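For reference, the structure is listed below as structure tokens.
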Amino acid sequence: MQLRYNYRAYPDASQRCALASTFGCARVVWNDCLRDRKEAHAAGLPYVKSAELSRLRITQAKRTEERAWLAEVSAVVLQQSLRDLDTAYKNFFDSVKGTRQGRKVGPPRYKSKKDARQSVRLNTNAFSLQDDGTVYVAKVGNLKVKWSRRLPAAPTSLTVTKDSSGRYFLSFVVDTEPDTLPGLETEAGIDLGLSAFAVLSDGSKIDSPRFLRRAEKKLKRLQRELSRKAKRSKNRAKARIKVARQHAKVADRRRDWHHKASTQIIRDNQAVYVEDLAVSGLGRTRLAKSVHDAGWSAFVGMLEYKAVKHGRTFAKVNRAFPSSQVCSACGRDGPKPLHVRQWTCGECGTVHDRDHNAARNVLFEGRRIVAAGRAETPNASWSAGKTRTKVPAQRVEAGSPRKGRTTQAGIPGL
727 MQLRYNYRAY PDASQRCALA STFGCARVVW NDCLRDRKEA HAAGLPYVKS AELSRLRITQ
787 AKRTEERAWL AEVSAVVLQQ SLRDLDTAYK NFFDSVKGTR QGRKVGPPRY KSKKDARQSV
847 RLNTNAFSLQ DDGTVYVAKV GNLKVKWSRR LPAAPTSLTV TKDSSGRYFL SFVVDTEPDT
907 LPGLETEAGI DLGLSAFAVL SDGSKIDSPR FLRRAEKKLK RLQRELSRKA KRSKNRAKAR
967 IKVARQHAKV ADRRRDWHHK ASTQIIRDNQ AVYVEDLAVS GLGRTRLAKS VHDAGWSAFV
1027 GMLEYKAVKH GRTFAKVNRA FPSSQVCSAC GRDGPKPLHV RQWTCGECGT VHDRDHNAAR
1087 NVLFEGRRIV AAGRAETPNA SWSAGKTRTK VPAQRVEAGS PRKGRTTQAG IPGL
């Protein structure tokens, strides 16, 4: 399986200038090739092949006066930018034809130097790990890296990223073998919420940390200072960086907490079942800020790929399943308003906590899904084996992430 390992990089002034040029050249190649294909489509001409674009927009463009500066960066970066454009087009065509799972993918769009995230991808021909702990990047130099952990194997590709707060990261893709944990007898159904982040079927609750709510006071002050600065001034640029850094701290804290909580759940249970929530729909309601602050999608994605990594069973329960309406003891169904947090079953007399009852129902439904052979397990059915897919390692690169299913496992950035 493929895993992505992320590390913080600290380039010096000259290396930052070289990286800025690299980001800009990759962006120009992307935009030039995208413009050629859009113009050909508007004129009713055939789809422009990658070989023709590589010859016109990379090889011949370096010999012109307007694009001579393309030769100042590694050719691997330019070729990879064209490959990423091909991948984005393929994802769009597959989405139109219906062969791509998940939500619809739009056509590729032009990139801007004002985008919050700038990145380039390199293969093994354009980077190498040095003995002194630095990473050599072609036409940039040896980058100083903060190694938080060792790479388990030699990386196959490298993505250099600059985020909105001005931080640089090196993301390595590594081919590794699954780290299977010893088998257990325990299983867990998880009900995600806002008052409590998660309630497990054994009755334990995980409190919601609410990182964004706790940082709102400082964010409000920084945003107020930003709004008072004159547009296109240096002070406004400095204030924007302060706001971006504070948002990055909130995101980092949330991601770290998600990793710790998901790892603990995977280590303590042989099988994990969770409800497939409509997060994108809930993100457009009056609870949008709280939903985004919880980060359910990222947490479920971590559970999914860690289950594959450690040999655990993972399944998603359909969002239409009435987990909070059915009695987990006798199975009696009855509508209950959202404000009812505790209720007594009229059939068997069992007193239920709404969230705990929902987690137990998710556990029972997840077991039924696994028994039917609709989830990937060591003893999956013949049909599950036919639908099994490779574990992807890309994240927020060309194209958009696929919607998770019980027969797929995504690998978000670590």
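Residue numbers (this note's numbering): 727 to 1140.
Heads up, the beta-carbon is just placed ideally off N, CA and C, and yes, glycines get one too.
The model shown is predicted, which means the values in this text are computed figures rather than measured ones.
Item to complete: May I ask whether a heavy atom of the ligand FAD can be found less than 7 Å away from the beta carbon of residue 753?
Response: The ligand FAD is absent from the structure shown, which contains no ligand whatsoever.
Worksheet item: How close, in whole Å, do the beta carbons of residue 955 and residue 947 come, if the pair is a contact with beta carbons under 8 Å?
Response: That belief does not hold up - the Cβ atoms of residue 955 and residue 947 are roughly 14 Å apart, past 8 Å.
Worksheet item: Just the Cα atoms here: how many angstroms apart are residue 1058 and residue 928?
Response: 21 Å
Discussion item. Checking 8 Å against the spacing of the C-beta atoms, do residue 991 and residue 1029 come in under that value?
Written reply: Yes, the Cβ-Cβ distance between residue 991 and residue 1029 is below 8 Å.
Discussion item. Using 8 Å as the threshold, is the C-beta distance between residue 912 and residue 995 below it?
Written reply: yes
Fill in: Those residues which DSSP pairs with residue 890 across a bridge
Per DSSP, none; premise fails for residue 890.
Worksheet item: Applying the criterion that 16 or more other CB atoms from any shown protein chain within 10 Å of the CB defines a buried residue, is residue 882 buried or exposed?
Response: Here residue 882 is exposed, its C-beta having fewer than 16 other C-beta atoms within 10 Å.
Item to complete: Could you check the C-alpha separation between residue 1094 and residue 762 for me, to the nearest Å?
Response: 52 Å
Discussion item. Taking the alpha-carbon of residue 1099 as reference, which of 1079, 1085, 1042 and 904 has the nearest alpha-carbon?
Written reply: 1042
Practice prompt. Quick one: give me the first and last residue of the beta strand (DSSP E) that residue 915 is part of.
Written response: 913 to 918
Discussion item. Rounding to the nearest angstrom, what Cα-Cα distance links residue 798 and residue 865 in this structure?
Written reply: 7 Å
Worksheet item: Exposed or buried, what is residue 834 when buried is set at 16 or more other beta-carbons lying within 10 Å of its beta-carbon?
Response: Looking at its Cβ environment, which holds 16 or more other Cβ atoms inside 10 Å, residue 834 is buried.
Worksheet item: Considering only residues of the same chain and omitting the five flanking positions on each side of residue 1112, which have a CB-CB separation below 8 Å?
Response: In this prediction, residue 1112 has a pLDDT of 38, which is less than 50 and means its spatial position is unreliable; nothing more can be read from the coordinates.
Item to complete: Taking residue 999 and residue 1092 to be in contact with their CB atoms under 8 Å, please state how far apart those CB atoms are, rounded to whole angstroms.
Response: 3 Å
Discussion item. Do residue 987 and residue 916 have their beta-carbon atoms positioned less than 8 Å apart in this structure?
Written reply: no
Worksheet item: Which partner residues of residue 1040 appear in the DSSP bridge assignment?
Response: 998
Practice prompt. With DSSP as the reference, label residue 975 as helix, strand or coil.
Written response: helix
Worksheet item: Should residue 745 be labelled buried (16 or more other beta-carbon atoms within 10 Å of its own) or exposed?
Response: buried
Worksheet item: Nearest to residue 811 by alpha carbon, out of 793, 856, 802 and 757?
Response: 757
Worksheet entry | Classification of residue 800 by the beta-carbon crowding that lies within 10 angstroms, buried from 16 upward | Label assigned to residue 800: buried.
Worksheet item: Ordered along the chain, which non-local residues of its own chain (more than five positions away) have a Cβ less than 7 Å from that of residue 903?
Response: Here the set comprises nothing.
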